[in-house]
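Protein chains: 2
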Amino acid sequence: MVTRFLKLFVIACCVVVFFVPLVEARVRLYKWKVKYEFKSPDCYRKLAITINGRTPGPSIVAQQGDTIVVELKNSLLTENVAIHWHGIRQIGTPWMDGTEGVTQCPILPGDTFVYRFVVDRPGTYLYHAHYGMQREAGLYGSIRVSLPDGESEPFVYDYDRSIILTDWYHKSTYEQAAGLSSIPFVWVGEPQSILIQGKGKFNCNTPGIEAGLCNATHPECVPYALTVVPGKTYRLRIGSLTALSALSFEIEGHNMTVVEADGHNVEPFVVKNLFIYSGETYSVLIRADQDPSRNYWASAKVVSRNSTTPNGLAILNYYPNHPRRNPPTIPPVGPNWDDVRPRMAQSQAIKAHHDFVHSPPQTSDRVIVMLNTQNRINGNVRWSVNNVSFNLPHTPYLIAYKHNLLHTFEQRPPPDGYDSANYDIFSVASNVNATTSNGTYRLKFNTTVDIILQNANTMNRNNSETHPWHLHGHDFWVVGYGSGKFDMVNDPKNYNLVNPIMKNTVAVHPYGWTALRFRADNPGVWAFHCHIESHFYMGMGVVFEEGVERVRKLPTSIMGCGDAKVHRP
Amino acid sequence: MVTRFLKLFVIACCVVVFFVPLVEARVRLYKWKVKYEFKSPDCYRKLAITINGRTPGPSIVAQQGDTIVVELKNSLLTENVAIHWHGIRQIGTPWMDGTEGVTQCPILPGDTFVYRFVVDRPGTYLYHAHYGMQREAGLYGSIRVSLPDGESEPFVYDYDRSIILTDWYHKSTYEQAAGLSSIPFVWVGEPQSILIQGKGKFNCNTPGIEAGLCNATHPECVPYALTVVPGKTYRLRIGSLTALSALSFEIEGHNMTVVEADGHNVEPFVVKNLFIYSGETYSVLIRADQDPSRNYWASAKVVSRNSTTPNGLAILNYYPNHPRRNPPTIPPVGPNWDDVRPRMAQSQAIKAHHDFVHSPPQTSDRVIVMLNTQNRINGNVRWSVNNVSFNLPHTPYLIAYKHNLLHTFEQRPPPDGYDSANYDIFSVASNVNATTSNGTYRLKFNTTVDIILQNANTMNRNNSETHPWHLHGHDFWVVGYGSGKFDMVNDPKNYNLVNPIMKNTVAVHPYGWTALRFRADNPGVWAFHCHIESHFYMGMGVVFEEGVERVRKLPTSIMGCGDAKVHRP
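Residue numbers (our numbering), protein chains in the order written: chain A, 349 to 917; chain B, 349 to 917.
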């Protein structure tokens with residue numbers, strides 16, 4: 349009898365030990381097959397990179413603390429691949445960041461790479477290819493992490509929906525990349541379409557397009573419809589993964605309350621239109637409180653560039669109206685493309701929610717000013733930071749640092765600033781002495797670093813672009829924005845060190861500056877770059893190393909390229 | 349004085365030891381950079397894979413016994429590469445054959461792979477990409493190996509020239525491959541142009557093409573001109589690397605004397621037009637004995653398919669006429685596309701030169717009959733050999749065999765024959781039970797093997813295609829051709845075992861058969877496949893292993909993929 353009781357007790361203990369943790373932190377397993385398929389997302393047929401036949405790929409839906417396991421099979425014919433988990437800091441797993449050349453070798457055709465990482469915070473994140481220009485070929489999707497059971501956000505809603513905004517080119521990414529590297533430079537131009545959750549509408553009557561490729565009635569280009577029940581409140585998670593375009597998103601007749609940015613709760617504020625830059629995510633609350641007898645347009649318009657791309661359109665569908673019934677109105681035109689003020693105003697309006705303030709360090713240990721310029725280097729058009737145009741090495745930095753392969757990249761770091769006194773940010777780039785390099789910034793572990801992104805004029809007169817910069821492995825505090833040239837003495841006095849929002853992606857506005865602060869507390873090697881696909885390709889990025897000596901033994905699965913080819917496990 | 353004499357003697361010896369071999373067998377070093385560039389070879393701009401900016405790539409010109417060293421830098425963005433040295437048997441260096449999946453892992457972006465091999469025989473050979481469908485993206489060129497000093501061919505000529513014939517698609521190879529793998533099957537159709545030494549002319553007034561891509565006056569599409577001096581005799585080396593097309597090549601008003609095929613001297617015979625299949629090379633002698641006051645058309649016409657592709661044109665330019673002066677005549681129309689008889693007749697006319705007969709073994713140890721059929725497998729259109737459709741593994745066979753990674757591919761070999769008695773080669777393929785496999789044929793070392801290529805009807809009624817089969821690592825004797833179904837009892841009695849030509853590529857004609865014999869005497873793993881790019885991609889190939897236990901230690905440079913990723917050198 350006692351033996352039997354003991355047995356039961358042991359079994360009960362086992363149940364507790366083995367099953368309770370499984371409930372609290374699940375493993376979410378995804379099996380993905382990546383390949384090329386013909387798709388017509390805007391009615392025009394072209395090749396797209398799909399996951400399990402889809403673009404956008406499957407959504408990852410998880411709960412805080414879950415372990416995500418993605419078994420990624422590369423079924424491309426001759427092309428490698430790598431996927432970045434955008435907004436996931438990869439604490440303790442820097443080798444799972446998915447950044448080719450920085451944290452891993454590319455995944456070869458036929459190979460299956462297993463990404464395994466913990467989603468340690470609730471919020472709205474993204475995933476996308478981080479190799480060559482594959483992201484804009486359609487290899488992307490969303491990650492939604494919910495709070496633990498019993499916890500709730502500081503805002504209420506009835507339903508939760510996600511969309512991703514992208515821009516879409518009819519030229520292949522190979523053609524685009526070859527043009528960017530050509531002498532003379534060949535620019536692909538503005539995108540043909542804006543896609544809302546992978547759906548857009550190109551005008552098939554456009555002259556000059558190849559016959560037989562555009563089909564206005566193709567089922568793949570039916571506009572995305574967000575169906576709502578009158579009276580209910582919707583949390584709409586909006587991510588942007590545009591290749592190029594800054595966007596203004598709005599829904600006819602409906603205000604939006606911004607409540608989340610890049611996984612952080614925002615002190616709520618109301619907007620008519622939301623400016624969103626590539627790499628950013630927002631949650632907005634939308635109440636279905638308008639005339640329920642009709643549908644409404646949702647529209648995404650290109651701003652910051654004088655673009656020829658028509659607005660992307662979707663339908664806010666009031667149930668029980670048919671989701672394909674066009675609204676009776678003309679879609680919203682959106683704000684003027686060249687009006688920077690409302691964009692700057694929105695940036696400045698985003699503060700941490702008063703109950704969720706992460707106080708930033710009040711001082712920093714190092715300030716790096718990063719002048720963003722467009723330069724011609726050896727005949728190529730390039731982007732530079734402090735006169736250095738970045739190029740990726742073929743041995744990933746993480747492996748090079750850990751395995752002492754320091755000969756594989758330039759050991760001289762790029763500069764911490766530029767000749768501010770003698771550089772006119774309002775004139776065509778005069779610094780003709782820019783160079784290319786793959787040198788990195790080495791940050792002292794556990795120090796506080798300030799980054800000042802300083803915008804400037806491009807190679808065209810009276811032109812300065814918007815650059816959304818994305819930091820891997822961290823969130824940063826956005827402590828200030830400004831116009832013109834950053835003043836090292838006076839501008840820091842106005843930093844918001846009380847309730848700055850934390851983000852992983854932030855814009856620097858035309859002719860402006862943006863100041864960030866972060867703690868170099870995540871051992872690894874992390875890219876920080878403009879999230880415009882062509883800009884990073886053309887050199888607009890840097891790499892930070894911090895505490896790499898604390899990184900554990902690297903998995904062999906990330907190796908196999910450059911000097912990380914021959915290895916003895 | 350004696351010391352001084354001794355010193356001189358030692359120096360003289362050194363000179364002999366170190367310098368004489370260098371003169372006899374040189375090392376020829378090539379440094380190649382492979383990348384995508386926009387090219388307009390037929391006036392239509394599209395991406396091409398280039399070597400040092402060129403397509404065709406640089407010619408390799410060497411002398412028998414030379415060592416060729418090609419340092420190949422892959423400067424593609426996300427794509428791997430591999431190059432095959434077509435016709436070079438790689439005796440002792442099977443790992444240098446350049447066949448992705450068979451003899452090596454692909455070369456990653458940023459990597460430099462060093463190909464090093466000896467050209468041990470004189471003749472006309474080719475090189476081209478052997479990965480995915482990269483060959484038809486423009487990655488190819490010619491290899492010309494001359495005789496040792498003091499030796500000469502059994503024919504005389506004044507000048508030596510080389511051209512390569514290709515067909516050219518405006519769709520990218522990615523689009524073509526995606527279509528071939530699609531359900532339903534999407535066929536790219538006939539090529540837009542035939543290129544002669546990389547130059548063709550697409551009609552820019554063709555309706556439906558995208559605006560702005562075709563420029564009839566683009567300097568890259570000036571017709572190729574072969575300039576000749578009146579009265580002189582030219583050896584013209586002609587190779588075909590078409591993706592699809594069988595061609596008939598002729599020069600207006602000039603007979604051609606065939607003297608070489610795939611590196612072997614031919615008993616000379618005269619033709620008006622030369623049929624040439626993808627993977628073949630010929631040398632023909634042309635005497636510039638016509639009216640020297642004008643130029644003449646050279647024309648390449650598609651045969652064996654009812655093609656819409658216009659003839660490819662070049663100019664035989666009689667010096668001192670201007671090379672761009674069009675001949676005053678209408679270009680030759682060429683033979684009827686569907687007349688098999690003259691093609692069969694040419695095949696049968698090719699015999700070894702009487703002074704250069706390599707006598708074949710009079711008996712064989714094994715006969716493998718290979719039925720070539722088109723099948724639907726799991727909804728995909730595929731090509732099969734004896735009901736088995738080939739697919740490449742991701743661990744190259746050579747490494748798998750040598751490193752005992754036999755789990756990486758199917759161990760059951762494909763069959764040595766088919767159910768000949770019950771299969772009607774004149775009907776639409778009825779064998780619905782075809783399967784895919786990457787199993788190999790294992791050949792007993794130093795045995796003699798007969799291969800009977802048996803053609804059949806495709807999936808379309810009254811249709812049988814021409815397939816040029818190419819064997820890696822060997823030349824074979826072409827011992828017989830026939831129409832209809834091969835008769836195992838009677839047809840071998842008519843084999844030519846006296847003076848058969850040796851080749852590395854041979855056609856099997858529509859509804860016909862071709863019999864080959866070779867010695868399995870080259871330790872390694874060798875592909876044998878239809879040289880039509882899409883046919884091999886769709887499964888029309890096999891792999892032979894022979895004497896792999898005699899292969900020396902493999903270089904680590906060929907590794908890095910599949911199960912050959914983790915290795916301990």
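Where is the CB? At the ideal position from N, CA and C, for every residue including glycine.
Predicted model, so just to flag it, every value in this text is computed and none were measured.
Taking a Cβ-Cβ cut-off of 7 Å, the neighbours of Ala525 (chain B) in chain A comprise Leu425, given in sequence order. The alpha-carbon separation between Lys901 (chain B) and Ala373 (chain B) amounts to approximately 24 Å. Contact residues of the segment 559–584 of chain A toward chain B are Ala559 and Gly560 (C-beta to C-beta distance below 8 Å). With a cutoff of 9 Å on beta-carbon distance, Met718 (chain B) and Ser831 (chain B) are scored as not near each other. Under the three-state reduction of DSSP, Trp443 (chain A) is assigned to helix. For the segment 400–430 of chain A, the set of positions with a beta-carbon nearer than 7 Å to some beta-carbon of chain B reads Leu425, Thr426, Glu427 and Asn428 in chain order.
Contact residues of the segment 371–388 of chain B toward chain A are Lys383, Tyr384, Glu385 and Phe386 (C-beta to C-beta distance below 9 Å). With contacts defined as CB atoms closer than 9 Å, Ala594 (chain A) and Thr853 (chain A) fail to qualify as a contacting pair. In the same chain as Lys580 (chain B), and ignoring 5 residues on each side of it, the C-beta atoms closer than 7 Å to its own belong to Asp506, Tyr507 and Ala636, in chain order.
Here Asn735 (chain B) is buried: its Cβ has 16 or more other Cβ atoms, across all protein chains shown, within 10 Å.
Close to Gly458 (chain A), with beta-carbon spacing below 9 Å, are these residues of chain B in chain order: Gly449, Leu740, Pro741, His742, Thr743, Cys909 and Gly910. DSSP, reduced to helix, strand and coil, places Leu845 (chain B) outside both helices and strands of the structure shown, so it counts as coil. At the C-beta level, Tyr475 (chain A) and Pro454 (chain A) stay beyond 9 Å of one another. Not a single CB atom of chain A sits nearer than 9 Å to the CB of Pro442 (chain B). For the segment 524–549 of chain A, the residues whose beta carbon sits under 9 Å from a beta carbon of chain B are, in order, Ala525, Ala526, Gly527, Ser529, Ser530 and Val534. The CB of Leu801 (chain A) never comes closer than 7 Å to any CB in chain B; the least such distance is about 27 Å. Under the Cβ criterion of 9 Å, Met481 (chain A) is counted among the residues facing chain B.
Val429 (chain B) places its beta carbon 9 Å or farther from that of Ile408 (chain B). Per the coordinates, the alpha-carbon of Arg714 (chain B) lies some 11 Å from the alpha-carbon of Gly765 (chain B).
Excluding residues up to 5 positions away in sequence, Gln412 lie with their Cβ nearer than 6 Å to the Cβ of Pro496 (chain B) in the same chain.
Note on geometry: alpha-carbon atoms of Gly440 (chain B) and Ser490 (chain B) lie some 22 Å from one another. Excluding residues up to 5 positions away in sequence, Val382, Val429, Ile455, Pro457 and Asp459 lie with their Cβ nearer than 6 Å to the Cβ of Asn422 (chain A) in the same chain. Judged by DSSP in its simplified three-state form, Pro616 (chain B) adopts strand.
Here Gly887 (chain A) is buried: its Cβ has 16 or more other Cβ atoms, across all protein chains shown, within 10 Å. Each residue's CA atom was taken as its position, placing Thr862 (chain B) and Ala855 (chain B) some 7 Å apart.
At a cut-off of 9 Å between beta-carbon atoms, Ile906 (chain A) makes no contact with chain B. Neighbourhood of Lys901 (chain A) in chain B, by CB distance below 9 Å: empty, with the nearest CB roughly 15 Å away.
Interface residue (Cβ-Cβ distance to chain A less than 9 Å): Gly446 (chain B) is not classified as such. Residues of the segment 506–523 of chain A with a Cβ closer than 8 Å to any Cβ of chain B, in chain order: Ser520, Tyr522 and Glu523.
Using a Cβ-Cβ cut-off of 7 Å, Lys913 (chain A) is close to Gly908 of chain B, given in chain order. Under the three-state reduction of DSSP, Ser831 (chain B) is assigned to strand.
Residue state for Gln759 (chain B) is assigned as coil, using DSSP reduced to three classes.
Beta bridge pairing from DSSP links Ile408 (chain A) with A:Ile491. The straight-line gap separating the alpha-carbon atoms of Arg437 (chain B) and Ile431 (chain B) is approximately 14 Å. If you draw a straight line from the Cα of Asp839 (chain A) to the Cα of Cys391 (chain A), it comes to about 49 Å. Chain-ordered, the chain B residues with CB closer than 7 Å to the CB of Ile557 (chain A) read Glu558.
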